[in-house]
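Asks: 101 is the number of the first residue of the sequence shown in the working numbering; add one for each residue after it. Glycine residues also receive a C-beta, built at the ideal position from the N, C-alpha and C atoms.
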Amino acid sequence: DYLADPSLLVGIIRTAGVLVGGVVGGAIVFVLYARRNDLPLIRLADAVVAPLALAQALGRFGCLAAGCCYGVPVDADHPFAVTFEHPQAIAAGRFAGQPLLAVQLLEALADLVIVAILTLLWRRRPKPEGTVLWCYVLLYSILRVRDRRVSRRRDHAGVRPSGRAPRRSVVSPERAETLRLEVPVDAAGQRLDRFLQHNLPGRSRSV
Numbered sequence: 101d102y103l104a105d106p107s108l109l110v111g112i113i114r115t116a117g118v119l120v121g122g123v124v125g126g127a128i129v130f131v132l133y134a135r136r137n138d139l140p141l142i143r144l145a146d147a148v149v150a151p152l153a154l155a156q157a158l159g160r161f162g163c164l165a166a167g168c169c170y171g172v173p174v175d176a177d178h179p180f181a182v183t184f185e186h187p188q189a190i191a192a193g194r195f196a197g198q199p200l201l202a203v204q205l206l207e208a209l210a211d212l213v214i215v216a217i218l219t220l221l222w223r224r225r226p227k228p229e230g231t232v233l234w235c236y237v238l239l240y241s242i243l244r245v246r247d248r249r250v251s252r253r254r255d256h257a258g259v260r261p262s263g264r265a266p267r268r269s270v271v272s273p274e275r276a277e278t279l280r281l282e283v284p285v286d287a288a289g290q291r292l293d294r295f296l297q298h299n300l301p302g303r304s305r306s307v
């Protein structure tokens with residue numbers, strides 16, 4: 101798809117590129133600055149992870165404003181339901197006017213809780229150095245796992261809103277006909293034939 105329409109890459113830069121680029125670029129500048137000024141890297145990391153989590157919380161409000169990173173459909177009376185009507189909202193392209201779970205807001209609130217925890221921990225100057233940093237890594241990892249369970253960012257890949265892949269797929273014979281592939285007769289091809297014979301009689305190459 102990207103070879104046929106390179107403009108799709110712009111969408112990646114506008115979404116994932118913003119986050120990944122900011123994290124990678126910020127990490128590089130952080131390390132270079134610490135080395136250049138002969139600062140203790142781990143101790144400095146302990147001091148900056150709380151502001152980093154605060155920046156992430158603000159970024160999630162930006163996601164809410166842009167209509168990206170949206171959640172699963174919910175009832176209109178859900179306390180965290182949000183609808184995107186503006187045509188430039190990313191979610192509006194597929195879910196215009198449909199109530200969605202405001203994952204962005206929930207994650208922003210969770211980030212603020214992480215900020216409070218990290219700030220209190222940092223003020224106590226825990227030992228060894230790096231404790232605050234690894235606490236941030238642990239808390240944010242848990243948050244991301246929970247976020248994936250209510251996010252629709254991968255629904256195009258066949259993952260259900262709950263975050264679990266469906267147990268089996270139902271393919272109509274017409275659809276199966278369009279998906280037929282010519283493969284060499286090897287071990288993989290034989291397994292494919294057996295699968296087709298079992299699930300879609302008459303569609304195997306050997307029939």
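When DSSP labels each residue in this structure, what does Gly167 get in the three-state scheme?
Replies: On the sequence shown, position 67 is the one that residue 167 refers to. Correct three-state label for Gly167: coil.
Asks: Rounded to whole angstroms, what is the Cα-Cα separation between Arg184 and Phe195?
Replies: As a working note, residue 184 is residue 84 in the sequence shown. As a working note, residue 195 is residue 95 in the sequence shown. Reading the sequence as shown, one finds Phe at residue 184 and not Arg. Looking at the two C-alpha atoms, the distance is approximately 7 Å.
Asks: Going by CA-CA distance only, name the one from Thr219, Tyr170, Pro226 that's closest to Ala153.
Replies: For this step, residue 153 is matched to residue 53 along the sequence shown. Of the listed residues, the one whose Cα sits closest to Ala153 is Thr219.
Asks: If distances are taken between C-alpha atoms only, which option among Val174, Gly122, Ala192 comes closest to Pro199?
Replies: Residue 199 sits at position 99 when you count from the first residue of the sequence shown. The shortest C-alpha separation from Pro199 is found at Val174.
Asks: From Asp247 to Leu206, what does the alpha carbon distance come to, in whole angstroms?
Replies: Counting from 1 along the sequence shown, the entry for residue 247 is found at position 147. Counting from 1 along the sequence shown, the entry for residue 206 is found at position 106. The straight-line gap from Cα to Cα measures roughly 9 Å.
Asks: Do the region 218-237 and the region 161-181 make contact, defined as three or more Cβ pairs closer than 8 Å?
Replies: Too few Cβ pairs lie closer than 8 Å, so no.
Asks: With a threshold of 6 Å (Cβ to nearest heavy atom), would Gln198 be considered close to the ligand NAD?
Replies: Among the components modelled here there is no ligand, and therefore nothing to report on the ligand NAD.
Asks: Please classify Gly171 as buried or exposed, where buried requires at least 16 other C-beta atoms within 10 Å of its C-beta.
Replies: Position 71 of the sequence shown holds residue 171. By the 10 Å Cβ count, Gly171 comes out buried.
Asks: Put Ala181 into one of helix, strand or coil per three-state DSSP.
Replies: Within the sequence shown, residue 181 is the residue found at index 81, counting from 1. Residue state, collapsed to three classes: strand.
Asks: Quick check on Pro173: does DSSP put it in helix, strand or coil?
Replies: Numbered from 1 along the sequence shown, position 73 holds the residue referred to as residue 173. Strand.
Asks: Using only CA atoms, which one of Cys163, Pro140, Ile128, Val148 lies nearest to Cys235?
Replies: Numbered from 1 along the sequence shown, position 135 holds the residue referred to as residue 235. Among Cys163, Pro140, Ile128, Val148, the Cα nearest to that of Cys235 belongs to Val148.
Asks: In whole angstroms, what separates the C-alpha of Leu209 from that of Pro106?
Replies: Mapped onto the sequence shown, residue 209 falls at position 109. Mapped onto the sequence shown, residue 106 falls at position 6. Computed Cα separation, rounded: 36 Å.
Asks: Could you say which of Arg224, Ala104, Gly162, Ala150 lies nearest to Ala202 if we only look at CA atoms?
Replies: The residue labelled residue 202 in the question sits at position 102 within the sequence shown. Comparing Cα positions, the closest option is Gly162.
Asks: May I ask you to report which of helix, strand or coil DSSP gives Leu103?
Replies: Position 3 of the sequence shown, counting from 1, holds the residue named residue 103. Here Leu103 sits in coil by DSSP.
Asks: Does the beta-carbon distance from Leu144 to Ala157 come in below 7 Å?
Replies: Stepping through the sequence shown from its first residue, residue 144 is reached at position 44. Stepping through the sequence shown from its first residue, residue 157 is reached at position 57. Their beta carbons are not under 7 Å apart, which means Leu144 does not touch Ala157 by this criterion.
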